[in-house]
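Colleague: Everything in the sequence shown is counted per full-length UniProt numbering, starting at 1 for the first residue and increasing by one. Where is the CB? At the ideal position from N, CA and C, for every residue including glycine. These figures come from a predicted structure and were not determined experimentally. First the structure, which I've put down as structure tokens, then a few questions once you've had a look.
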Amino acid sequence: MCYTRAYYIESEGDQEIGDGFVPKTDDWRAEVDWADVIIFDDIWVGPDIGTGKLAQELREQGKAVVGGTPNTDHLEEDRGYAMEILEEHDVNTVEHHIFNDFDAGINHVKENPAPYVIKPLGEVQNVKRLLYVGNEDDGSDVIDVLRAYKKAWGHRMKGFQLQRKVQGVEVAICGFFNGETFIDQVNFNFEHKKLFPGNIGPQTGEMGTSMFWAGQNKLFEETFGKLEGWLANEGYVGSIDINCIVNENGIYPLEFTPRFGYPTIALQEESIESSTGEFFYDLAHGNDPNVEVHNGYQIAIRVVLPPFPFDDDKTYDENSRNAAVVFETESREGIHLEDAKKVDGQWRVAGGNGMPIVVTGKGETMQAAREQAYDRIDDIVMPNMYYRDDIGERWISGDGDRLQAWGYLGPADS
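This is the structure in structure tokens:
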């Protein structure tokens with residue numbers, strides 16, 4: 001099967017991303033008539049959610065679409081709504097409370113002392129450095145942070161969620177839905193959101209991910225297995241992810257990603273060994289895709305430049321804008337574009353975020369996947385580049401053993 005593609009980028013500051021690599025259009029609606037499949041890779045239209053509404057409208061016109069719906073968009077945008085959907089479908093949830101007033105949240109912590117996680121709502125919810133994971137048993141650090149946020153962000157933060165902190169293994173379950181049901185293969189991934197090795201430093205969107213594919217085990221059945229009917233009623237099509245904390249007492253969903261995740265999408269591309277074009281065609285047309293996946297482990301490492309994860313135009317202009325990405329070998333295996341372009345045959349940094357590439361590796365063991373990915377990074381030269389060197393180590397040091405011992409990697413109890 002032959003595929004013609006056209007890519008559209010909404011963000012004005014990112015228009016150059018992909019130049020020299022892929023065909024692009026500045027009017028995606030003009031391409032709809034000839035397209036066999038339309039794929040939305042995010043839920044945002046400018047500062048607001050909205051691709052779910054676009055996807056729904058296109059489906060009503062008879063088009064095959066990979067994308068969400070207005071309600072599935074809200075799973076990510078409105079954490080309170082997401083918890084309501086989980087509870088309505090008998091999915092276990094962690095104790096959580098939504099507040100629109102900082103003083104009310106502070107009083108709640110004083111009256112119910114414990115470690116909490118602060119998750120902002122509204123337009124600042126994607127400012128990752130505002131997510132705060134409490135450490136003190138009496139919640140005193142959470143109170144201090146809420147007081148600081150009230151002064152600095154009160155005018156923009158329309159509210160926040162306080163989530164009781166749960167100890168355990170953090171794991172995300174990611175399935176592909178064809179509008180009626182999930183495909184058999186599920187991927188299980190482990191995010192590394194902090195900037196520095198050892199999981200310290202500021203929050204980022206993500207610094208790297210480790211992953212493996214498996215069947216619909218207990219982790220899946222206790223989460224998405226209970227949401228399949230709701231997603232079918234919505235007509236959702238595509239990748240959907242739910243991040244959880246898991247321990248010997250249960251599975252506690254934290255948040256949804258009702259779209260492709262980054263850099264997880266690079267790992268999916270790396271580990272789907274059959275045609276991705278045919279896979280998305282079948283998915284969008286409601287078929288059961290015959291997809292072949294890598295039977296092992298995979299890791300992805302985001303290679304970044306200053307000022308990531310912060311915004312500082314002066315630092316970016318001086319250190320990163322249009323910087324060359326140099327390879328010491330001819331191979332581009334495991335090298336995935338993020339914010340990059342090609343000019344006169346030379347890979348260069350594009351956009352304004354300082355995250356040009358993702359490097360992946362795979363192997364029969366997590367250690368083998370790590371070695372392949374980091375060997376590939378050793379062949380890349382970019383002045384001022386940095387990355388985490390511990391992606392995948394949590395699995396090796398015990399997360400995998402704990403999930404197995406608790407019974408989550410096998411079939412659900414009948």
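Taking just the CA atoms, how far does Gly20 sit from Val343?
Modeller: Those two C-alpha atoms are separated by around 6 Å.
Colleague: Between Val349 and Ala323, how many whole angstroms is the CB-CB distance? I'm expecting something under 8 Å.
Modeller: Indeed, because the Cβ distance is near 4 Å, the residues count as touching under 8 Å.
Colleague: Could you tell me which of Asp312, Val109, Ile396, Arg129 sits nearest to Ile200, measuring between CA atoms?
Modeller: The candidate whose alpha carbon is nearest that of Ile200 is Arg129.
Colleague: Who are Met211's beta bridge partners in DSSP?
Modeller: According to DSSP, which records beta bridges pairwise, Met211 is partnered with Asn189, Gln298.
Colleague: Contact defined as beta carbons within less than 8 Å: I believe Val304 pairs with Tyr387. What is the distance between those atoms, to the nearest angstrom?
Modeller: 7 Å between Cβ atoms; contact.
Colleague: Pair every Cβ in the stretch 273-290 with every Cβ in the stretch 56-68, then say whether three or more of these pairs are closer than 8 Å.
Modeller: Yes: at least three Cβ pairs fall under 8 Å.
Colleague: Output the distance between the C-alpha atoms of Pro253 and Lys341, rounded to the nearest integer angstrom.
Modeller: Rounded to whole angstroms, Pro253 to Lys341 spans 37 Å at the Cα level.
Colleague: How big is the Cα-Cα spacing for Ser414 and Glu88?
Modeller: With a pLDDT of 45 at Ser414, under the threshold of 50, the modelled position of this residue cannot be trusted; read the value that follows with caution. Approximately 22 Å between the Cα atoms of the pair.
Colleague: So for Pro70, helix, strand or coil by DSSP?
Modeller: The answer is helix: DSSP assigns Pro70 an H, G or I state.
Colleague: According to DSSP, is Val65 part of a helix, a strand, or is it coil?
Modeller: Note: Val65 maps to strand in three-state DSSP.
Colleague: With the cut-off set at 8 Å, would you say Val117 and Lys165 are in Cβ contact?
Modeller: Yes, the Cβ-Cβ distance between Val117 and Lys165 is below 8 Å.
Colleague: In the DSSP assignment, the beta strand (DSSP E) including Gln216 goes from what residue to what residue?
Modeller: Neither: Gln216 is in no beta strand (DSSP E) and is coded neither H nor E.
Colleague: Below 6 Å CB to CB, which residues in the same chain sit around Asp339 once its five sequence neighbours on both sides are set aside?
Modeller: Answer for Asp339: Ile17, Ala350, Gly351, Asn353, Met355, Pro356, listed in chain order.
Colleague: Mapping DSSP to helix, strand and coil, what is Ile240?
Modeller: It is a strand residue.
Colleague: What are the boundary residues of the beta strand (DSSP E) that Glu170 is part of?
Modeller: Start and end: 169-178.
Colleague: If you run the structure through DSSP and keep just helix, strand and coil, what is Ser414?
Modeller: Reliability fails at Ser414, whose pLDDT of 45 lies under 50, so the model's placement of it is uncertain and no value is given.
Colleague: On the criterion of 16 or more Cβ atoms from any shown chain inside 10 Å, does Arg5 qualify as buried, or is it exposed?
Modeller: Exposed, because fewer than 16 other Cβ atoms sit within 10 Å of the Cβ of Arg5.
Colleague: Using CA atoms only, rank isn't needed, just tell me which of Val142, Thr264, Gln268 is closest to Gln163.
Modeller: Of the listed residues, the one whose Cα sits closest to Gln163 is Val142.
Colleague: Would you mind stating whether Pro258 and Ile39 have Cβ atoms separated by less than 8 Å?
Modeller: Not a contact, by the Cβ cut-off of 8 Å.
Colleague: Taking 7 Å as the cut-off, is the C-beta of Trp213 nearer than that to any heavy atom in the ligand MG?
Modeller: Questions concerning the ligand MG fall outside what the structure shown contains, since it holds no ligand whatsoever.
Colleague: Looking at the unbroken alpha helix (DSSP H) that takes in residue 452, where does it start and where does it end?
Modeller: With the chain represented from 1 up to 414, any question about residue 452 goes unanswered, as that position is not in the structure.
Colleague: Whose C-beta lies closer than 8 Å to the C-beta of Gly13 among residues of the same chain, with five residues either side of it excluded?
Modeller: Here the set comprises Gly351, Gly352.
Colleague: Between the Cα of Glu206 and those of Ile301, Thr181, Pro120, His108, spot the shortest distance and give me the residue it belongs to.
Modeller: With distances taken between Cα atoms, Glu206 lies closest to Ile301.
Colleague: Assuming Arg376 and Gly363 make a contact with CB atoms under 8 Å, what is their CB distance in whole Å?
Modeller: Not quite, the Cβ-Cβ distance comes to about 12 Å (not below 8 Å), so this is no contact.
Colleague: Check this for me: beta carbons of Thr72 and Glu234, under 8 Å apart or not?
Modeller: Their beta carbons are under 8 Å apart, which means Thr72 touches Glu234 by this criterion.
Colleague: Where Ala148 and Ile106 are concerned, what is the direct C-alpha to C-alpha distance, given to the nearest angstrom?
Modeller: Going from the Cα of Ala148 to the Cα of Ile106 covers about 11 Å.
Colleague: Which two residues bound the contiguous beta strand (DSSP E) that contains Thr257?
Modeller: Residues 250-257.
Colleague: According to DSSP, Arg164 sits in a beta bridge with which residue or residues?
Modeller: Tyr116.
Colleague: Under 6 Å Cβ to Cβ from Ala232, same chain only, skipping five residues before and after it: list those, please.
Modeller: Closer than 6 Å at the Cβ level, and outside the excluded window around Ala232, lie Glu180.
Colleague: Per DSSP, what kind of secondary structure is Lys341 in: helix, strand or coil?
Modeller: Residue state, collapsed to three classes: strand.
Colleague: Could you round the C-beta distance between Phe256 and Ala405 to whole angstroms and report it? I think they count as a contact, below 8 Å.
Modeller: Wrong, their Cβ atoms sit about 27 Å apart, outside the cutoff.
Colleague: In the DSSP assignment, find the alpha helix (DSSP H) that holds Phe279 and state where it starts and stops.
Modeller: Phe279 -> alpha helix (DSSP H) spans 276-284.
Colleague: So is Ala104 buried or exposed if we call it buried at 16+ other beta carbons inside 10 Å?
Modeller: Exposed is the call here.
Colleague: Do Lys226 and Asp90 have their CB atoms nearer than 8 Å?
Modeller: Contact flag set, yes.
Colleague: What are the start and end residues of the beta strand (DSSP E) that includes His155?
Modeller: Premise fails: His155 is in no beta strand (DSSP E) and is neither H nor E.
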